[in-house]
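Reviewing the structure listed below.
In the working numbering, the protein residues as written are 856 to 1157.
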């Protein structure tokens, strides 16, 4: 049979949203038109692809197979567009990136800005997720590149190490630790109150686990939504915080914070780029990886 690219794109959007109405909107179709396309697709393939539920739709095993190959078709089209780009005008490439909060609030914003200026024919779609969700999405083929950090299972993925990411304690300038240069994590949680990123974040889960293994709990006064806000809370003397060193340096008023190194070995984590194992990616995606690695090299020299 002949496969229609609009049908395949619609089906990918259904897989990403689990909702026919939202998928139709993302594909620029009316709901009746989208429903008709799915019905025709099922009749042509002689298999059921979706299970309609009260809360949305769910893929059948046959639907999962179609979704996998539909994503592969569009990934290959991206590679085709990229390879043809030098011979054509008006052809734009699109790079889908997932990144954790640590990356989006530090080096990645500068990398994106400079890359987009140098490559006007490339568009980038960036979404912020937790590292564990990034890894799952990359394995499923839902994005081209993922930026993460910390200890997590990366089996089956192609990994590009970037640099070591140091976690540090930040305090206000009047805090009793203002003259301390290094401290153990276990000495911190015995005595002080903390400000942190939301509880499900990788860094917060990581710190809670370290405290749990010591038989202790972190006294968390407040959770906030960004590292800038964490720094602002510390600046306002609400509590201490443990953050990536880059995020402390990127605070809008870094001179108002004191940084204390954590002597525990785990305070140094690996930042990485991940992509599907053995998968071809467009030339502009490879170019973006090289661009980021140059910036990472500058961070390593700091």
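Virtual Cβ for every residue (Gly too), placed ideally from N, Cα, C.
Query	Result
Can you tell me the Cβ-Cβ gap for residue 993 and residue 1126, rounded? I've got them flagged as a contact below 8 Å.	That belief does not hold up - the Cβ atoms of residue 993 and residue 1126 are roughly 15 Å apart, past 8 Å.
Is it buried or exposed for residue 1099, if we count other Cβ within 10 angstroms and need 16 for buried?	buried
Threshold first: 4 residues or longer. Then list the alpha helix (DSSP H) segments lying entirely within the stretch 871-898, N to C.	875-881
With a cut-off of 8 Å on the beta carbons, I'd call residue 1175 and residue 1124 a contact; round off their distance for me.	Residue 1175 cannot be examined here, being either before or after the span of the chain that is shown, 856 to 1157.
Skipping 5 residues on each side, what residues in its chain have a beta carbon closer than 8 Å to that of residue 1030?	1092, 1095 and 1113
Give me the Cα-Cα distance between residue 1050 and residue 1079, rounded to the nearest whole angstrom.	8 Å
Among the residues of its own chain, which have a CB less than 7 Å from the CB of residue 896, if the five just before and after it don't count?	862 and 904
Which term fits residue 935, buried or exposed, when burial requires 16 or more other beta carbons within 10 angstroms of its beta carbon?	exposed
Where do the ends of the beta strand (DSSP E) carrying residue 994 lie?	Note, residue 994: premise wrong, no beta strand (DSSP E); alpha helix (DSSP H) at 986-995.
Taking C-beta to C-beta, are residue 912 and residue 874 nearer than 8 Å?	yes
Going by C-alpha to C-alpha distance, which of 1036, 1038, 1109 and 1013 sits closest to residue 1141?	1013
Who does residue 1097 pair with in a DSSP beta bridge?	1024
Where does the unbroken beta strand (DSSP E) through residue 1044 begin, and where does it stop?	Unbroken run through residue 1044 is the alpha helix (DSSP H), 1040-1044; no beta strand (DSSP E).
State buried or exposed for residue 1106, treating a residue as buried only when at least 16 other CB atoms are found within 10 Å of its CB.	buried
State the CB to CB distance for the pair residue 1139 and residue 972, rounded to an integer number of angstroms; the pair is presumed to be in contact (CB under 8 Å).	That pair is no contact at about 14 Å.
Whole angstroms are fine: how far does the CA of residue 865 sit from the CA of residue 899?	16 Å
Mapping the DSSP letters down to three states, classify residue 1144 as helix, strand or coil.	helix
Is any non-hydrogen atom of the ligand FMN found closer than 7 Å to the C-beta of residue 858, if you look at the structure I gave you?	This structure lacks the ligand FMN, and indeed carries no ligand of any kind.
When you compare the CB positions of residue 1026 and residue 1089, do they come within less than 8 Å of one another, or not?	yes
Should residue 1020 be labelled buried (16 or more other beta-carbon atoms within 10 Å of its own) or exposed?	buried
What residue does the beta strand (DSSP E) around residue 978 start on, and which one ends it?	977-983
Of the residues 927, 858 and 923, which one's Cα is nearest the Cα of residue 893?	858
Here's the rule I'm using: 16 or more other beta-carbon atoms within 10 Å means buried, otherwise exposed. How should residue 927 be labelled?	exposed
Helix, strand or coil, according to DSSP, for residue 1066 in the structure here?	helix
Quick one: what's residue 1002 bridged to in DSSP?	954 and 1128
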